[in-house]
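If you're matching positions, the sequence shown starts at 68 in my numbering and goes up one per residue.
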Amino acid sequence: MKILSSHPVQYHAPLFRLLTARGNDVEVGYLHDGAARSAVLDVDFGIEFAWDVDLLGGYRHRVFSDSRTTAAAAMARWAIDRHTPLLLMGWSTPAVWAIWLYRALRRAPTVVLSETTPGSFGYTVKPRWRTGLLRWLLQHSGAVGVIGARNRAFVRSMGVSEERCLAVPYSVDNATLAAGAASLQSARGELRRAYGLDPELPTFLFCGKLIEKKRPLQLLDAFLAGGLAGRAQLLYVGEGALRGAIEARAAGAGSVRVVGFLNQTQMPRAYAMGDVLCLPSDARETWGLVINEALACGRPVIVSDAVGCSDDLVGADNGWVVPLDDPGALVRALQAALADRDRWVGMGQSGRRRVAAHTYAAMAIGIEAASDVARNTA
Numbered sequence: 068m069k070i071l072s073s074h075p076v077q078y079h080a081p082l083f084r085l086l087t088a089r090g091n092d093v094e095v096g097y098l099h100d101g102a103a104r105s106a107v108l109d110v111d112f113g114i115e116f117a118w119d120v121d122l123l124g125g126y127r128h129r130v131f132s133d134s135r136t137t138a139a140a141a142m143a144r145w146a147i148d149r150h151t152p153l154l155l156m157g158w159s160t161p162a163v164w165a166i167w168l169y170r171a172l173r174r175a176p177t178v179v180l181s182e183t184t185p186g187s188f189g190y191t192v193k194p195r196w197r198t199g200l201l202r203w204l205l206q207h208s209g210a211v212g213v214i215g216a217r218n219r220a221f222v223r224s225m226g227v228s229e230e231r232c233l234a235v236p237y238s239v240d241n242a243t244l245a246a247g248a249a250s251l252q253s254a255r256g257e258l259r260r261a262y263g264l265d266p267e268l269p270t271f272l273f274c275g276k277l278i279e280k281k282r283p284l285q286l287l288d289a290f291l292a293g294g295l296a297g298r299a300q301l302l303y304v305g306e307g308a309l310r311g312a313i314e315a316r317a318a319g320a321g322s323v324r325v326v327g328f329l330n331q332t333q334m335p336r337a338y339a340m341g342d343v344l345c346l347p348s349d350a351r352e353t354w355g356l357v358i359n360e361a362l363a364c365g366r367p368v369i370v371s372d373a374v375g376c377s378d379d380l381v382g383a384d385n386g387w388v389v390p391l392d393d394p395g396a397l398v399r400a401l402q403a404a405l406a407d408r409d410r411w412v413g414m415g416q417s418g419r420r421r422v423a424a425h426t427y428a429a430m431a432i433g434i435e436a437a438s439d440v441a442r443n444t445a
């Protein structure tokens, strides 16, 4: 099996290792190496960094930008092998579209895995020819992996039959995150102090890029409008273009802290410090893996109903789902969460049960099944 991805991703590398460990002959092709080997500028974070975990070990891979020819040409030569199943991790570049079209015309076994939802796809107007071509390519792929309910709804809306939609439940390393956060729990007061927080106040947590689609300013407005400052605190873990605006708007509130970017091995600190994770993003949030992370660590969550994972992972037993365009609903959810502090432990346990089916093992099984379907329909 070949797997084509734009660059190494911290959430995908463990999956590729597991597929290899399960006996699959896997080779992953990357257009470029991203932040896997050296620090690079992330446009959304607005900072340079390199991931502090190994994203390239434990599975065969090649990086096409290392080629003596153009990366796209090297990628195309590698990917057009019509006899080997190819898993496409999305369709973000013209070169991927060209490879996908070639393989569809040659009836080569191809599996597609993306995060797209009806909401994210419809967020911007697309040319009719592009939508039509995408529909044709999906219908002529051997199988499509679906990460959750909304992704499945999008794929089915494109005319892909149910039997060619295989469940690949989107996942993080639940056990490692949970163990890391648990190991820090006894020191959470000291940890909060180290990051400039009150060690005792209930803490709402935002983790991610401080960019418009994730609506961190709307979260701040709701926190302040709800009169929560002084009774609780709001912690932002992340960087991005809106950091300055957040800090300016929060000036004087005294209960809001932006601590900046935490690398992958540092993320358990965030979940140890936080009590309730908040993700009020718009429909461009196709899934929201920070929700998986928070649930694995036993934290209740507040999400907007536009977030892709909200149907799969969040219910009244483990969090609050609020309408995207109702600022008052977000205020009320924050107030309700604070009032329900005695339920947080039980909600955390419910969240762990909900996310328990979202594992790399489940993803690997789904990808293997999709590969078999693609082979049989080629």
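Using N, Cα and C, we set each Cβ at its ideal position, and we do this for glycine too.
Query raised in the report: Around the Cβ of residue 141, are there at least 16 other Cβ atoms within 10 angstroms (buried) or fewer (exposed)?
Result: buried
Query raised in the report: What is the residue span of the alpha helix (DSSP H) that residue 170 lies within?
Result: 161-172
Report task. Would you kindly check if the distance between the Cβ of residue 427 and the Cβ of residue 238 is under 9 Å? Result -> yes
**Report entry** residue 130 versus 102, 386, 252 and 114, residue with shortest Cα-Cα distance
**Finding:** 102
Query raised in the report: With distances taken from CA atoms, which of 251, 116, 331 and 323 is nearest residue 81?
Result: 331
**Report entry** Anticipated Cβ contact below 8 Å, residue 305 with residue 276, distance rounded
**Finding:** 6 Å
Requested in this report: Give the secondary structure of residue 371 by DSSP, where H, G and I count as helix, E and B as strand, and everything else as coil.
Outcome: strand
Query raised in the report: If you follow the beta strand (DSSP E) that residue 89 is part of, which residue opens it and which one closes it?
Result: Neither: residue 89 is in no beta strand (DSSP E) and is coded neither H nor E.
Query raised in the report: Among 355, 88, 357 and 405, which has the Cα closest to the Cα of residue 294?
Result: 405
Query raised in the report: Starting from residue 235 and walking both ways along the beta strand (DSSP E), at which residues does that stretch end?
Result: From DSSP, residue 235 is part of no beta strand (DSSP E); its letter is neither H nor E.
Query - For residue 281, the nearest candidate out of 357, 233, 338 and 234 (CA to CA) - result: 357
Query raised in the report: If we ignore side chains and look at the alpha-carbon of each, how far apart do residue 178 and residue 390 end up?
Result: 34 Å
Query raised in the report: Starting from residue 419 and walking both ways along the alpha helix (DSSP H), at which residues does that stretch end?
Result: 411-422
Query raised in the report: Are the CB atoms of residue 388 and residue 372 nearer to each other than 9 Å?
Result: yes
Report task. At 3 residues or longer, and completely inside the stretch 172-221: list those beta strand (DSSP E) runs for me, N to C. Result -> 177-180 and 210-213
**Report entry** Nearest-angstrom beta carbon gap, residue 290 and residue 401 [assumed within contact, 8 Å]
**Finding:** 6 Å
Query - 9 Å Cβ cutoff, residue 430 in contact with chain D - result: The structure shown contains no chain D; it is built from a single protein chain.
Requested in this report: Classify residue 270 as helix, strand or coil using the three-state DSSP reduction.
Outcome: strand
Report task. Could you say if the stretch 246-256 and the stretch 228-236 meet the contact criterion of at least three C-beta pairs nearer than 8 Å? Result -> no
Requested in this report: May I have the straight-line CA-CA distance separating residue 191 from residue 198, to the nearest angstrom?
Outcome: 12 Å
Requested in this report: Answer yes or no: do residue 37 and residue 150 have a C-beta to C-beta separation smaller than 9 Å?
Outcome: Summary: the structure shown does not reach residue 37, with the chain confined to residues 68 through 445, and so no result is reported for it.
Query raised in the report: When the Cα atoms are used, what is the spatial distance from residue 408 to residue 438?
Result: 46 Å
Query raised in the report: Nearest-angstrom Cα distance between residue 247 and residue 121?
Result: 17 Å
Query raised in the report: Got a sec, what are the start and stop residues for the alpha helix (DSSP H) residue 109 sits in?
Result: No alpha helix (DSSP H) contains residue 109, which is instead part of the beta strand (DSSP E) from 107-109.
Report task. Go ahead and pull the three-state DSSP assignment for residue 334. Result -> helix
Query - Residue interval of the beta strand (DSSP E) (run including residue 380) - result: Residue 380 -> not in any beta strand (DSSP E); alpha helix (DSSP H) instead, spanning 377-380.
Report task. Flag this pair as yes or no: are the beta carbons of residue 336 and residue 418 separated by less than 9 Å? Result -> no
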